[in-house]
Amino acid sequence: HLWGNSPKISNLHSVPLCALALLSVRRVVSERVPLAFSLAFFATDLLDCVVRRDLPFLLHAILSIALNVGAATLPGHPLHELRSLSKGFLVEASTIFLNRWKRTHRREDYVTFFAVFTVCRIVWVPCFVHEMYTAVGEVDAICLVSAAFYVLQLAWYAKMISILRNYRVPAQVKLAKEDKEA
22 HLWGNSPKIS
32 NLHSVPLCAL
42 ALLSVRRVVS
52 ERVPLAFSLA
62 FFATDLLDCV
72 VRRDLPFLLH
82 AILSIALNVG
92 AATLPGHPLH
102 ELRSLSKGFL
112 VEASTIFLNR
122 WKRTHRREDY
132 VTFFAVFTVC
142 RIVWVPCFVH
152 EMYTAVGEVD
162 AICLVSAAFY
172 VLQLAWYAKM
182 ISILRNYRVP
192 AQVKLAKEDK
202 EA
């Protein structure tokens, strides 16, 4: 495996990308800076997902690369003026909280991750995609790939709701198994 589910590698992408995206949205750096950073990560991530045979994250990597390449090859697209790509990169803020929860397995960390995921990926994505759609005036390839990305987020969100409703920390799961066996 290249890096598997390493939270350190994941955070080495998420934290700087969010910082670069904010700098781009504020027009301190060109949108091409977070674009190049993200594209390099997702190209490597794609290979890692193939090696690990991780279909959901392979789809995530493919959609992320498609959005990056699509944005890079459409220089006249209004998303550059709107900084839509950088706004999209802000969804990665939820990854930091996912990695914390994976490390602690505490319910309160899951609730925090769930809340941040909700804001970053369920609420925020339609907001900036709508802004882009309004500027373009039609459904283009970027809108379609963004919609596919959103559907993937909704699938993960449905699973997350189920986890939240039935949350058990690993120790609780172990105790429940032991009770059944006794």
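Residues are numbered in the working numbering as their position in the sequence shown, beginning at 1, plus a constant of 21. For every residue, glycine included, the Cβ atom is placed at its ideal position computed from N, Cα and C.
Exposure of residue i, with buried meaning 16 or more beta-carbon neighbours within 10 Å
i	result
Val150	buried
Lys195	Any reading at Lys195 must be qualified, since the residue scores a pLDDT of 48, below 50, and its modelled position is unreliable; the value itself is stated next. Classification for Lys195: exposed.
Asn187	exposed
Thr116	buried
Leu41	buried
Ala82	buried
Val71	exposed
Option nearest residue i by Cα separation, candidates the options
i	options	result
Asn32	Tyr178, Val140, Ala136 and Trp122	Trp122
Ser107	Ala162, Ala179, His34 and Arg53	Arg53
Leu80	His126, Gly109, Ala64 and Lys29	Ala64
Leu84	Glu102, Glu129, Arg104 and Phe110	Phe110
Leu173	Phe138, Val160, Tyr154 and Thr155	Phe138
Val125	Arg189, Gly158, Val157 and Leu56	Note that residue 125 is Thr in the sequence shown, not Val. Closest by alpha carbon: Arg189.
Asp66	Glu152, Leu56, Ile30 and Leu41	Ile30
Ile182	Trp145, Ala42, Leu56 and Thr133	Thr133
Val50	Met153, Ser115, Thr94 and Glu102	Glu102
Val112	Ile86, Leu95 and Val144	Val144
Ser59	Ile86, Leu43 and Tyr178	Ile86
Arg206	Thr116, Val146 and Ser105	The shown model of the chain, from 22 to 203, leaves out residue 206, and the question about it has no answer.
Phe277	Val146, Ala40, Ser45 and Glu159	With the chain covering 22 to 203 only, the question about residue 277 has no answer from this structure.
Asp161	Val36, His34 and Gly91	Gly91
Tyr131	Tyr154, Ala93 and Lys180	Lys180
Ala93	Val72, Ala57 and Leu68	Ala57
His34	Leu44, Ala61, Val72 and Leu43	Ala61
Start and end residues, alpha helix (DSSP H) containing residue i
i	result
Thr155	Trp145 to Val157
Cys164	Ala162 to Arg186
Thr139	No alpha helix (DSSP H) holds Thr139; DSSP gives it neither H nor E.
His34	Pro28 to Val46
Arg124	Ala114 to Thr125
Supposed contact pair residue j and residue i - C-beta distance, whole angstroms, cut 8 Å
i	j	result
Ser167	Leu88	7 Å
Arg135	Leu175	Reading the sequence as shown, one finds Phe at residue 135 and not Arg. Actually they do not touch by this definition, with Cβ atoms about 14 Å apart.
Asn120	Pro28	4 Å
Cys141	Ala114	5 Å
Residue i Cβ short of 8 Å to the ligand COA heavy atom set
i	result
Arg74	Here there are no bound small molecules, and the ligand COA is not part of this structure.
Fully enclosed by the stretch 53 to 112, which alpha helix (DSSP H) runs are 4 residues long or longer? Annotation note: the stretch 53 to 112 contains the following uninterrupted alpha helix (DSSP H) runs of length 4 or greater, listed N- to C-terminal: 53 to 73, 76 to 93, 99 to 103 and 105 to 110.
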